[in-house]
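Each residue of the sequence shown is one higher than the one before, counting from 0 in numbering that gives the first Met the number 0. Let me begin by presenting the structure, written as structure tokens, before commenting on it.
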Amino acid sequence: MSARAKSRRRSRTVHGPTDRVVVVGAGLGGLSAALHLAGAGRDVTVVERESVPGGRCGLITDRGYRFDTGPTVLTMPELVARPLQAVGEEFGDWLRLHRLDPAYRARFADGSTIDVCADVHDMADEIRRVCGAKDADGWLRYVAFLRELYRIEMPHFIERNLDSPLQLVGGPLARLAALGGFRRLSRKVSQYVGDERLRRLFSFQAMYAGLAPAQALAIYAVITYMDCVAGVYFPEGGMHAVPRALAGAAEKHGVRFRYGTTVTAIDVVAGRARGVLTGTGERIAADAVVVNADLPVAYAELLPGRTPPRRVRRLRYSPSAVVLHAGSSAEFDDLAHHTIDFGSAWEATFTEIIDRGEVMSDPSFLLTNPTRTDPSLAPPDRHTYYALFPAPNTTGRVDWVAQRERYRDHIMETLEKRGYAGFEAGIDAEHLVTPADWAARGLAAGAPFAAAHTFGQTGPFRPATLDRRIENLVFCGSNTQPGVGVPMVLVSGQLAAQRITGRG
Ligand SMILES: Cc1cc2nc3c(=O)[nH]c(=O)nc-3n(C[C@H](O)[C@H](O)[C@H](O)COP(=O)(O)OP(=O)(O)OC[C@H]3O[C@@H](n4cnc5c(N)ncnc54)[C@H](O)[C@@H]3O)c2cc1C
Numbered sequence: 000m001s002a003r004a005k006s007r008r009r010s011r012t013v014h015g016p017t018d019r020v021v022v023v024g025a026g027l028g029g030l031s032a033a034l035h036l037a038g039a040g041r042d043v044t045v046v047e048r049e050s051v052p053g054g055r056c057g058l059i060t061d062r063g064y065r066f067d068t069g070p071t072v073l074t075m076p077e078l079v080a081r082p083l084q085a086v087g088e089e090f091g092d093w094l095r096l097h098r099l100d101p102a103y104r105a106r107f108a109d110g111s112t113i114d115v116c117a118d119v120h121d122m123a124d125e126i127r128r129v130c131g132a133k134d135a136d137g138w139l140r141y142v143a144f145l146r147e148l149y150r151i152e153m154p155h156f157i158e159r160n161l162d163s164p165l166q167l168v169g170g171p172l173a174r175l176a177a178l179g180g181f182r183r184l185s186r187k188v189s190q191y192v193g194d195e196r197l198r199r200l201f202s203f204q205a206m207y208a209g210l211a212p213a214q215a216l217a218i219y220a221v222i223t224y225m226d227c228v229a230g231v232y233f234p235e236g237g238m239h240a241v242p243r244a245l246a247g248a249a250e251k252h253g254v255r256f257r258y259g260t261t262v263t264a265i266d267v268v269a270g271r272a273r274g275v276l277t278g279t280g281e282r283i284a285a286d287a288v289v290v291n292a293d294l295p296v297a298y299a300e301l302l303p304g305r306t307p308p309r310r311v312r313r314l315r316y317s318p319s320a321v322v323l324h325a326g327s328s329a330e331f332d333d334l335a336h337h338t339i340d341f342g343s344a345w346e347a348t349f350t351e352i353i354d355r356g357e358v359m360s361d362p363s364f365l366l367t368n369p370t371r372t373d374p375s376l377a378p379p380d381r382h383t384y385y386a387l388f389p390a391p392n393t394t395g396r397v398d399w400v401a402q403r404e405r406y407r408d409h410i411m412e413t414l415e416k417r418g419y420a421g422f423e424a425g426i427d428a429e430h431l432v433t434p435a436d437w438a439a440r441g442l443a444a445g446a447p448f449a450a451a452h453t454f455g456q457t458g459p460f461r462p463a464t465l466d467r468r469i470e471n472l473v474f475c476g477s478n479t480q481p482g483v484g485v486p487m488v489l490v491s492g493q494l495a496a497q498r499i500t501g502r503g
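Right, here's the structure in full:
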């Protein structure tokens with residue numbers, strides 16, 4: 000390869016001094032960036048407006064219950080280990096994980112269930128039992144496809160800062176195309192399994208990327224690899240233990256945390272960030288600034304007077320979610336840690352939420368029961384439940400402030416109808432979070448799953464981690480590369496650090 004072609008493929012880095020770095024936000028992306036930067040010898044200050052780390056991976060405590068507010072499905076724990084390793088810390092000294100088996104239980108409208116077993120061969124047996132030998136064989140072939148997809152995507156497309164599509168041209172792109180990565184996800188899954196229930200089970204993950212399975216590209220089956228093959232874990236103490244551990248390790252290695260401090264502006268002089276201004280009028284000087292606050296909101300609020308790049312102005316957002324947290328005396332024997340309750344409707348559900356901006360008429364939802372794995376999250380003989388109902392974001396037709404109570408009642412009715420009898424009666428602590436609440440917490444379009452992973456908002460087409468016009472301003476988090484979800488934002492923090500350290 001010529002020297003010119005090589006330099007075209009290299010990603011840009013921050014020029015000039017980078018000794019002191021301010022990170023705005025202690026979400027998982029910001030914590031990952033802080034640890035990688037501290038590990039590379041930078042002097043790091045994290046400024047976080049809340050009183051605790053974690054951002055979306057937060058915690059509500061109420062009457063002896065501990066509710067995780069955001070992610071519940073932890074995949075790829077090695078990506079949590081990586082920022083810890085950056086400062087020489089051992090994962091096992093900070094977190095204890097349980098691998099969930101089953102990773103999920105799927106309940107279908109016809110009353111049947113399929114467990115997503117931790118072991119791929121146990122899963123083949125489960126499929127053979129419920130759907131027959133042909134689909135069991137199809138599953139094993141699908142696993143081989145997923146493994147290959149992951150092997151190509153991770154180093155070449157995900158764990159890489161991308162400034163231009165030209166950086167992708169070459170062997171890996173051709174291999175991805177030959178593998179069928181640019182076909183539609185639902186069609187790709189159908190190539191391997193015939194049973195409609197399995198097709199749903201192996202393609203609903205498109206929703207995590209903000210798309211209907213019929214529209215998502217098969218490259219997003221990498222999410223299915225992460226949860227159905229590589230496995231789902233749960234940390235002792237709940238998901239919030241993850242940001243606690245990362246923040247604890249960062250502090251141990253000299254990172255300063257300024258909790259309860261809101262950044263009101265990034266101080267930019269002559270195309271270079273010189274520090275941040277806080278709500279109390281303080282100026283914290285920096286040689287480089289990493290922004291973990293939601294990228295579109297950061298452009299609008301922290302960089303006033305600067306027009307966001309066109310790519311940011313035109314972002315299309317993923318659907319949102321209504322989450323009901325319940326502490327309860329009710330117990331349901333046939334629930335797993337994660338149960339996906341599918342309605343009869345399928346394509347129509349995506350049309351309602353994504354295209355029409357309406358609520359689901361025949362809901363499919365995730366019901367998580369964390370105390371099944373860690374009873375310490377509730378008082379004795381009590382249980383925690385987390386019901387996540389996908390919903391349109393705030394660009395849709397629903398007035399979430401006005402509809403809040405009605406939708407809460409709809410969730411309760413749906414749960415009762417789907418067989419969780421006595422769900423509402425057993426509740427003694429309850430919290431509801433709607434898209435309006437996500438918006439109030441600083442998430443663009445009330446979309447906790449960020450910009451949708453359409454082709455035009457993926458890889459080099461997603462907002463980059465380095466701003467083109469402010470040479471030392473770097474972004475991390477779900478609205479930048481590589482994307483949304485715990486594994487991806489941890490990678491984004493590493494990519495942001497690489498922009499500053501030049502290592503990568
Ligand atoms: C309900 C829900 C369920 C989810 N389920 C899963 C799942 O099961 N598995 C999975 O992998 N992912 C899941 N996700 C996605 C995952 O949680 C997110 O992608 C990830 O946590 C986002 O991290 P982040 O670093 O991008 O941002 P955030 O967590 O939003 O962190 C940004 C931080 O910046 C702070 N901040 C913002 N503005 C300022 C300011 N001006 N000054 C100072 N601080 C500021 C915020 O307070 C926050 O702490 C879920 C998300 C939600 C909400």
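Just so it is clear, CB atoms sit at the ideal spot from N, CA and C, and this is done for glycine as well.
| Are there three or more Cβ pairs, one per stretch, closer than 8 Å when the segment 18-30 is compared with the segment 466-481? | yes
| message | Among the candidates Asn291, Asp100, Arg11 and Val254, whose CA atom is the shortest distance from the CA of cysteine 227? | response | The residue labelled residue 227 in the question sits at position 228 within the sequence shown. Closest by alpha carbon: Asp100.
| task | Under 6 Å Cβ to Cβ from serine 50, same chain only, skipping five residues before and after it: list those, please. | result | If you number the sequence shown from 1, residue 50 lands on position 51. Excluding sequence neighbours, serine 50 sits near Tyr258 and Gly259.
| message | Do valine 483 and alanine 450 have their beta-carbon atoms positioned less than 9 Å apart in this structure? | response | In the sequence shown, counting from the first residue as 1, residue 450 sits at position 451. In the sequence shown, counting from the first residue as 1, residue 483 sits at position 484. Closer than 9 Å, so yes.
| message | Please state whether the Cβ-Cβ distance between proline 318 and cysteine 56 is less than 9 Å. | response | Against the sequence shown, residue 318 aligns to sequence position 319. Against the sequence shown, residue 56 aligns to sequence position 57. Not in contact: proline 318 and cysteine 56 (Cβ atoms no closer than 9 Å).
| task | Give every residue of the same chain whose Cβ lies closer than 8 Å to the Cβ of alanine 299, excluding the five residues on either side of it in the sequence, and list them in chain order. | result | Numbered from 1 along the sequence shown, position 300 holds the residue referred to as residue 299. For alanine 299, where only same-chain residues beyond five positions count, the Cβ hits under 8 Å are Pro307.
| So, methionine 75 versus valine 485, is the Cβ gap smaller than 9 Å? | Position 76 of the sequence shown holds residue 75. Position 486 of the sequence shown holds residue 485. Yes, these two residues count as a Cβ contact at 9 Å.
| Is there contact between the segment 105-119 and the segment 339-346, where contact requires at least three CB pairs shorter than 8 Å? | yes
| Taking the alpha carbon of arginine 150 as the point to measure from, which residue in Arg255, Ala229 and Asp286 has its own alpha carbon closest? | One-based indexing of the sequence shown puts residue 150 at position 151. Measuring from the Cα of arginine 150, the nearest candidate turns out to be Ala229.
| request: Consult DSSP for glutamate 147 and reduce its assignment to one of helix, strand or coil. | output: Start at 1 with the first residue of the sequence shown, and residue 147 comes out as number 148. Reduced to three states, the DSSP call for glutamate 147 is helix.
| query | Is it buried or exposed for valine 72, if we count other Cβ within 10 angstroms and need 16 for buried? | reply | Position 73 of the sequence shown, counting from 1, holds the residue named residue 72. A buried status is given to valine 72, since no fewer than 16 other beta-carbon atoms sit within 10 Å of its beta-carbon.
| query | Using 8 Å as the threshold, is the segment 374-384 in touch with the segment 323-333, meaning 3 or more CB pairs across them? | reply | yes
| tyrosine 64 bridges to which residues according to DSSP? | Residue numbering aside, residue 64 sits at position 65 when the sequence shown is read from its first letter. Paired residue(s): Asp61.
| query | Mind checking alanine 390: buried by the 16 CB within 10 Å criterion, or exposed? | reply | Position 391 of the sequence shown, counted from the first residue, corresponds to residue 390. Alanine 390 should be labelled buried.
| request: Would you mind stating whether leucine 519 and valine 86 have Cβ atoms separated by less than 9 Å? | output: Residue 519 falls outside the range modelled here, since the chain spans only 0 to 503, and no answer is possible.
| message | Along the chain, where does the beta strand (DSSP E) containing phenylalanine 203 start, and where does it finish? | response | Here residue 203 is taken as the residue at index 204 of the sequence shown, counted from 1. Element bounds for phenylalanine 203: n/a, residue is neither H nor E.
| request: Consult DSSP for glycine 458 and reduce its assignment to one of helix, strand or coil. | output: Within the sequence shown, the letter at position 459 stands for residue 458. Helix at glycine 458.
| request: Compute the beta-carbon to beta-carbon distance between arginine 41 and threonine 17, rounded to the nearest angstrom, for a pair I have assumed lies under 8 Å. | output: Within the sequence shown, numbered from 1, the residue matching residue 41 stands at position 42. Within the sequence shown, numbered from 1, the residue matching residue 17 stands at position 18. About 7 Å separates the two Cβ atoms, so the contact holds.
| query | Which of the three DSSP states, helix, strand or coil, is assigned to glycine 326? | reply | Here residue 326 is taken as the residue at index 327 of the sequence shown, counted from 1. Strand, per DSSP.
| task | Quick one: which unbroken beta strand (DSSP E) runs of 3-plus residues sit fully inside the segment 99-142? Chain order, please. | result | 103-106 and 112-115
| said: Pull the bridge partners of arginine 257 from the DSSP assignment, please. | reply: Position 258 of the sequence shown holds residue 257. Val46.
| task | Mind checking which residues open and close the beta strand (DSSP E) that includes phenylalanine 448? | result | As a first step, residue 448 must be located in the sequence shown, where it is residue number 449. Per DSSP, phenylalanine 448 belongs to no beta strand (DSSP E) and is neither H nor E.
| query | Using DSSP with H/G/I as helix, E/B as strand and the rest coil, what is histidine 382? | reply | Indexing the sequence shown from 1 puts residue 382 at position 383. Looking at histidine 382 - three-state DSSP - the assignment turns out to be strand.
| field | Residue span of the alpha helix (DSSP H) that contains valine 490, given as start and end | value | Position 491 of the sequence shown, counted from the first residue, corresponds to residue 490. Looking at the DSSP string, the run of the alpha helix (DSSP H) that includes valine 490 is 485-500.
| field | Helix, strand or coil at glycine 26 [DSSP, three-state] | value | Here residue 26 is taken as the residue at index 27 of the sequence shown, counted from 1. Residue state, collapsed to three classes: strand.
| query | Using CA coordinates, which residue listed in Tyr419, Glu412, His409 and Arg403 is at the minimum distance from valine 432? | reply | Your numbering for residue 432 matches position 433 in the sequence shown. The candidate whose alpha carbon is nearest that of valine 432 is Arg403.
| task | Check whether the Cβ atoms of leucine 334 and leucine 302 lie closer than 9 Å to each other. | result | Counting from 1 along the sequence shown, the entry for residue 334 is found at position 335. Counting from 1 along the sequence shown, the entry for residue 302 is found at position 303. No, these two residues do not count as a Cβ contact at 9 Å.
| query | Hey, is the segment 9-23 in contact with the segment 493-503, meaning 3+ C-beta pairs nearer than 8 Å? | reply | By the Cβ criterion, the segment 9-23 is in contact with the segment 493-503, since at least three pairs of Cβ atoms, one from each stretch, lie closer than 8 Å.
| message | Using a 10 Å radius around the Cβ and a threshold of 16 neighbouring Cβ atoms, would you call serine 6 buried or exposed? | response | The residue labelled residue 6 in the question sits at position 7 within the sequence shown. Confidence in serine 6 is poor, its pLDDT being 49 and thus under 50, which makes the residue's placement unreliable; the coordinate value appears in the next sentence. Exposed, because fewer than 16 other Cβ atoms sit within 10 Å of the Cβ of serine 6.
| said: Residues in the same chain with beta-carbon distance under 6 Å from arginine 9, minus the five sequence neighbours each way, listed in chain order, please. | reply: As a position in the sequence shown, residue 9 is number 10, starting the count at 1. Answer for arginine 9: no residue qualifies.
| query | With a cut-off of 8 Å, do at least 3 Cβ pairs link the segment 123-140 to the segment 148-163? | reply | no
| said: Residues in the same chain with beta-carbon distance under 7 Å from alanine 246, minus the five sequence neighbours each way, listed in chain order, please. | reply: Looking up residue 246 in the sequence shown gives position 247. Contacts found: Ala25, Leu30, Pro52 and Phe256.
| query | Can you list, in chain order, the residues of its chain whose CB lies under 6 Å from that of glycine 274, leaving out five sequence neighbours each side? | reply | Numbered from its first residue, the sequence shown carries residue 274 at position 275. Hits under 6 Å: Asp266, Arg282, Ile283, Ala284 and Ala285.
| field | DSSP beta-bridge partners of valine 21 | value | Counting from one through the sequence shown, the residue named residue 21 turns up at place 22. According to DSSP, which records beta bridges pairwise, valine 21 is partnered with Thr44 and Val288.
| request: Give a yes or no on whether the C-beta atoms belonging to leucine 511 and alanine 424 are separated by under 9 Å. | output: There is simply no residue 511 to check, as the chain begins at 0 and stops at 503 in what is shown.
| What does threonine 508 pair with, by DSSP beta-bridge criteria? | This structure gives no information on residue 508, because the portion of the chain shown stretches from 0 to 503.
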